[in-house]
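S.K.: Here you go, one structure.
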Amino acid sequence: MDEYNWASSVGHVRILELGLLTGADFSKLAETEDLRAAVSALRDTDYGKQLEALGNLEEFGPALERALGDEYEYVLSFSPEPGPILCFLSKYDFHNLKVLAKELLLGMPMEPRAVSPLSIIPFDDLRGACAVIGEDGIPSLLPQLLERARSRYGARNGHGEQVASFVSKDLVPALVNTFEEARRQGLEEGGPFGVDSSIDRGWMSWVSGYYRKRGYELLANFAAAEADLTNLRIVMRSLFHGLDPAVVTKILLPGGTISPRDIGDAYAAGPEALERVYLCVRWVELFRRGLERVQRRESLTEWEKECEDTLVEIYRMARTRALGPEPVLGFLYGKENEVKNLRIVLSGKQSLAPKERILARIRRSYA
Amino acid sequence: MFGGLTSSIVALGFGLVGLVVLLVVFAFGGMLSGNAIALAGAGFAVFLAGIGSTVGVGVAGEKAAGITAEDPEKFGRLLLLQALPGTQGIYGFLVGFLAMFRMGAFAGGMNLTPDQGWQIFFACLPVAVAGLVSGLYQARVSVAGMDIVAKHPEESGKALILPAMVETYAVLGLLASVLLLMFAVRV
Amino acid sequence: MEIRVNATRQELTRLKARLKTARRGHKLLKDKRDELMREFLALIDEARKLREQVDAKLSAAYRDFSMARAVLSSAVLEESLMAGRKPVEVSVRFRQIMNVRVPEIEIDSPGDLPGAPAVPPYGFAATSSDLDSAIEAFSGVLVDMLRMAELEKKCELLAAEIEKTRRRVNALEYVLIPELERAAKDVQMRLSEMERANASRLMRIKEIVRAH
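Protein chains in written order, with my numbering: chain A, 1 to 367; chain B, 368 to 554; chain C, 555 to 766.
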């Protein structure tokens, strides 16, 4: 697509980026006395409105999500085409699909708080469409029903037609395929682990496929880096818990620069083989540090923060682009990251954690 | 390089080549007078450089509008950056005007041989091509320079210098065309 | 409590028999109390240590969990925990310590407790290791908590029994036995008093008879 089309959006984003909270802002937040002080320090930011409307300060989580949703809608409103942004947002749809798959496939009681309100297709629509289960166990009318589904982001942004076409032509088939795969995995493994993992895989393979198909090379590279780093984290946690190689191969995400099969084979062969696999990519240092922690049986918390910081660094490349959808998606990622950081600070304040523990967990800021 | 724009530029290029081929065929067939060839040259100077500027100013304007929507204070500085890719069009127009002047369009007597027509045609080409290409690229630098204005308004001067470097080559094209028209072309 | 009895020789014999029984009972109960105390002290020590451990582990688990909650969005967290864990089945049996029935808890099916090889009930890609360690910590605590429940119930039952025994021992030692002793002494004294009265009466009668 024409990157010139994104000129105006990038202009918007360049100013919006200035409003992102920096590392110094987060340090200041971590220094505040308590939750109340931290929230009032946020009064002048984008989150002020949502946080001030709260009766009970402890309920800051949903308020942050609402602020994030508003930001997504705003960014969509000035984007020339919704495709890449919706693709970014599809993670929430796939998350809701997990909730639904656990309810429908594994017969677990539905948990309303597990539903993400940020999905493109509202959860109730997805659920209504999935309720008609065919003989084979797949929601038989899913595509037809979902095509008529409302979408959260289409209505208010003047992208109605494009959003509808994205939902019916791209998102719904992906959701259907993933659901089917999750059903097979769920029956085979008989557990929520298999269902979750297969939906994660379905999501990643679809997202990177979409970017590549549409020619968003840099976005596809971001997705690949995300898949790689997520796989690295999966490998470390699997090593930590001593998971079976056969299982690990099945839960690794596709779409990265190293294929899941290579990682899986190396995992079965031992840490040295894994290191050889990671030698040819950028993450070898990260891998070594993680392995050291696993071998010393130390907590992976700080290391996971390092992984996420690396991903933020990669997304920050988008800040140097003057045109194209990358800066816009980079900003969305930065915003999501910022909400995560705020959650860390506010949860830390809520549980009266010392400021060192909070600071050790705050992710690198996109700003 | 320009994504979807590339295809339109390629199409435009094919069109131009076709036009030139037609010109050549007609000229050698004796169907075109020197006047027509000279006029085609003047036209090329104006419209090719004009395309470069239009696209450039357009995309720069779009980005400036995006930034201004979020922060209206930056409008003044952005306007300068938006205007920079616009100079190519002016250069093209200037050369077109000079070419018409040289072929005697304002003196009433236009009676050029095909050879003289070709001279004027080729004298116009530097500003036409340099204007088109430098316009597109200067726009890219301008658009990137707007990021500097957005992030560090105090450094706007630097943001102006960078696209001005591209301007050099548009100016060189203009200079070459003007010199050719004034001193090299024999009419 | 005052023991009122007829001052007869038969009563005295009965009192003495009761006193003997009481003394023997007192000694037995005292032995039982000491034994119970010994058991109790050993248990309470273990229970206290375990309680400290469980408290430490729980607060660590809560710390991990609060971090997991911070890093993951609430929707992701709830979704990850939707599956719950396999139920842990336990059976309770009873054992006698010094005639006290105390419960013993045994884990029948470990569910997902440590030692049961299992994958977590959520995917890895969307979650963080904080959640793993929180869940693991909670599972680990469960075993200790079951053991703690057993120990603390034992201690409670033993303590009640000790209290009861102690009260009995005290009742015997400070009330019944002194009372019995006093009553026996009383009867004894009254009997000898009566004897002396008898003797003097006899002597008086003898004198009267002799004077005639």
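Even for Gly, the Cβ is constructed at its ideal location relative to N, Cα and C. Since we're looking at a predicted model, the values are computed, not measured.
(1) Excluding the 5 residues flanking A/Arg127 on each side, which residues of the same chain have their C-beta closer than 7 Å to its C-beta?
(2) Mind pulling the chain A residues with CB within less than 9 Å of B/Asp482?
(3) Please name the residue or residues paired with C/Gln650 in a DSSP beta bridge.
(4) For the alpha helix (DSSP H) containing A/Leu323, name the first residue and the last one.
(5) Relative to the alpha-carbon of A/Pro112, which residue among C/Val656, C/Ala751, C/Leu635 and C/Lys586 has its alpha-carbon at the smallest distance?
(6) Is it buried or exposed for C/Leu626, if we count other Cβ within 10 angstroms and need 16 for buried?
(7) Would you identify the three-state DSSP class for A/Ile362, choosing helix, strand or coil?
(8) Identify the continuous alpha helix (DSSP H) that holds B/Lys441 and give its terminal residues.
(9) Please compile the residues from chain A whose C-beta is within a distance smaller than 8 Å of the C-beta of B/Gly396.
(10) Can you tell me whether C/Ser645 is helix, strand or coil according to DSSP?
(11) Beta-carbon within less than 6 Å of A/Phe26's beta-carbon, same chain only, minus the 5 sequence neighbours each way: which residues are those?
(12) Under a CB-based cut-off of 8 Å, is A/Gly270 close to chain B?
(13) What does the Cβ neighbour count give for A/Thr22, buried or exposed, with the cut at 16 atoms within 10 Å?
(14) Which value, in whole angstroms, describes the spacing of the CA atoms of B/Lys430 and A/Gly324?
(15) Answer yes or no: does any C-beta atom of chain B fall closer than 8 Å to that of A/Arg316?
(16) Can you tell me whether C/Ile661 is helix, strand or coil according to DSSP?
(17) Spatial neighbours of C/Ile557 within its chain, please: CB distance less than 6 Å, with the 5 preceding and 5 following residues excluded, ordered by chain position.
(18) Using 10 angstroms around the beta-carbon of A/Val235, count the other beta-carbons present and answer buried if the total reaches 16, otherwise exposed.
(19) Kindly list, in the order they appear in chain A, the residues whose Cβ is closer than 7 Å to that of C/Pro674.
(20) Return the residues of the segment 27-55 of chain A that lie within a Cβ-Cβ distance of less than 9 Å from chain C, sorted by chain order.
(21) Relative to the alpha-carbon of B/Thr454, which residue among B/Gly471, B/Val413 and B/Gly443 has its alpha-carbon at the smallest distance?
(22) Express the C-alpha separation of A/His12 and B/Glu440 in angstroms, rounding to a whole number.
(23) Less than 8 Å between CB atoms is the rule here; does A/Asp228 satisfy it with respect to chain C?
(24) Near A/Pro62, what residues of its chain come up, given a Cβ to Cβ distance below 6 Å and the 5 sequence neighbours on each side ignored?
(25) Measuring only the C-alpha atoms, how far is A/Ile314 from B/Leu529?
(26) Return the CA-CA distance between B/Gly382 and B/Gly401, expressed in angstroms with no decimal places.
(27) Please tell me whether C/Ala512 and A/Thr230 are closer than 8 Å, where the distance is taken between their beta carbons.
(28) Report all residues from its chain with a CB closer than 8 Å to the CB of B/Ala551; omit the five preceding and five following residues, and keep chain order.
(29) Identify the contact partners of A/Gly61 in chain C, using a Cβ-Cβ distance below 8 Å as the criterion.
(30) In terms of residues, what are the limits of the alpha helix (DSSP H) holding C/Leu756?
(31) A/Ser8 touches chain B at which residues, Cβ-Cβ below 7 Å?
(32) If you draw a straight line from the alpha carbon of A/Leu105 to that of C/Val646, how long is it in whole angstroms?
(33) What in chain A is Cβ-close to B/Glu437, meaning under 7 Å?
(34) Between which two residues does the alpha helix (DSSP H) holding C/His580 run?
(35) Closer than 8 Å between beta carbons: that is the criterion. Which residues of the segment 156-186 of chain A meet it against chain C?
(36) Closer than 8 Å, CB to CB, is A/Tyr4 near chain B or not?
M.R.: Answer, in terms of the structure:
(1) In the first sequence, residue 127 of chain A corresponds to position 127, counting from 1. So the qualifying residues of the chain are Leu100.
(2) Your numbering for residue 482 of chain B matches position 115 in the second sequence. Those within 9 Å of B/Asp482 in chain A number zero; the least Cβ separation is about 42 Å.
(3) The count along the third sequence starts at 1 and reaches residue 650 of chain C at position 96. DSSP lists C/Arg655 as partners of C/Gln650.
(4) Translated into positions along the first sequence, residue 323 of chain A becomes position 323. Here A/Leu323 belongs to no alpha helix (DSSP H), and DSSP marks it neither H nor E.
(5) The count along the first sequence starts at 1 and reaches residue 112 of chain A at position 112. Per the Cα distances, C/Leu635.
(6) Reading the third sequence from its first residue, position 72 is the one you call residue 626 of chain C. Counting Cβ neighbours within 10 Å, C/Leu626 comes out buried, since at least 16 surround it.
(7) Taking the first residue of the first sequence as position 1, residue 362 of chain A is located at position 362. Three-state DSSP puts A/Ile362 in coil, outside helix and strand.
(8) For the purposes of this step, residue 441 of chain B is taken as residue 74 along the second sequence, with counting starting at 1. Counting along the chain, B/Lys441 falls outside any alpha helix (DSSP H), and DSSP gives it neither H nor E.
(9) Residue 396 of chain B sits at position 29 when you count from the first residue of the second sequence. In chain order: nothing, as chain A lies at least about 40 Å away.
(10) Position 91 of the third sequence, counted from the first residue, corresponds to residue 645 of chain C. Strand at C/Ser645.
(11) Walking along the first sequence from the start, residue 26 of chain A turns up at place 26. Answer for A/Phe26: Asn341 and Ile362, listed in chain order.
(12) Numbered from 1 along the first sequence, position 270 holds the residue referred to as residue 270 of chain A. It does not; no Cβ of chain B falls within 8 Å.
(13) For this step, residue 22 of chain A is matched to residue 22 along the first sequence. When all chains shown are included, A/Thr22 counts as exposed.
(14) Looking up residue 430 of chain B in the second sequence gives position 63. Looking up residue 324 of chain A in the first sequence gives position 324. Using only the alpha carbons, I get a separation of about 11 Å.
(15) The residue labelled residue 316 of chain A in the question sits at position 316 within the first sequence. Cβ-Cβ to chain B under 8 Å: no for A/Arg316.
(16) Here residue 661 of chain C refers to the residue found at position 107 of the third sequence. Strand, per DSSP.
(17) Position 3 of the third sequence, counted from the first residue, corresponds to residue 557 of chain C. If we look at C/Ile557 and ignore the five residues flanking it on each side, its Cβ neighbours are Glu733 and Ala737.
(18) Here the question's residue 235 of chain A lines up with position 235 in the first sequence. Buried is the call here.
(19) The residue given as residue 674 of chain C occupies position 120 in the third sequence. Phe193, listed in chain order.
(20) Hits within the stretch: zero.
(21) Within the second sequence, residue 454 of chain B is the residue found at index 87, counting from 1. Ranking the options by Cα distance to B/Thr454, first place goes to B/Val413.
(22) Stepping through the second sequence from its first residue, residue 440 of chain B is reached at position 73. Stepping through the first sequence from its first residue, residue 12 of chain A is reached at position 12. Their Cα atoms are separated by approximately 14 Å.
(23) Residue mapping note: residue 228 of chain A aligns to position 228 of the first sequence, counting from 1. With 8 Å as the cut-off, A/Asp228 does not count as an interface residue toward chain C.
(24) Taking the first residue of the first sequence as 1, we reach residue 62 of chain A at position 62. Excluding sequence neighbours, A/Pro62 sits near nothing in its chain.
(25) As a working note, residue 314 of chain A is residue 314 in the first sequence. As a working note, residue 529 of chain B is residue 162 in the second sequence. Taking the straight line joining both Cα atoms gives about 26 Å.
(26) Taking the first residue of the second sequence as position 1, residue 382 of chain B is located at position 15. Taking the first residue of the second sequence as position 1, residue 401 of chain B is located at position 34. Rounded to whole angstroms, B/Gly382 to B/Gly401 spans 22 Å at the Cα level.
(27) Any question about residue 512 of chain C goes unanswered here, given that chain C covers just 555 to 766.
(28) Counting from one through the second sequence, the residue named residue 551 of chain B turns up at place 184. Excluding positions up to five away in sequence, the list reads Gln486 and Ala490.
(29) If you number the first sequence from 1, residue 61 of chain A lands on position 61. Per Cβ cutoff of 8 Å: Ser627 and Ser628.
(30) Along the third sequence, read from residue 1 onward, the residue named residue 756 of chain C stands at position 202. Judged by DSSP secondary structure, C/Leu756 falls within the alpha helix (DSSP H) whose first and last residues are Ile731 to Ala765.
(31) The count along the first sequence starts at 1 and reaches residue 8 of chain A at position 8. Chain B residues near A/Ser8: Glu429, Lys430, Ala432 and Gly433.
(32) Counting from one through the first sequence, the residue named residue 105 of chain A turns up at place 105. Counting from one through the third sequence, the residue named residue 646 of chain C turns up at place 92. Whole-angstrom Cα-Cα distance: 35 Å.
(33) Within the second sequence, residue 437 of chain B is the residue found at index 70, counting from 1. Result: His12, Ile15 and Leu16.
(34) For this step, residue 580 of chain C is matched to residue 26 along the third sequence. From DSSP, the alpha helix (DSSP H) with C/His580 extends over Arg563 to Val625.
(35) none
(36) The residue you call residue 4 of chain A lines up with position 4 of the first sequence. Yes - at least one Cβ of chain B is within 8 Å of the one on A/Tyr4.
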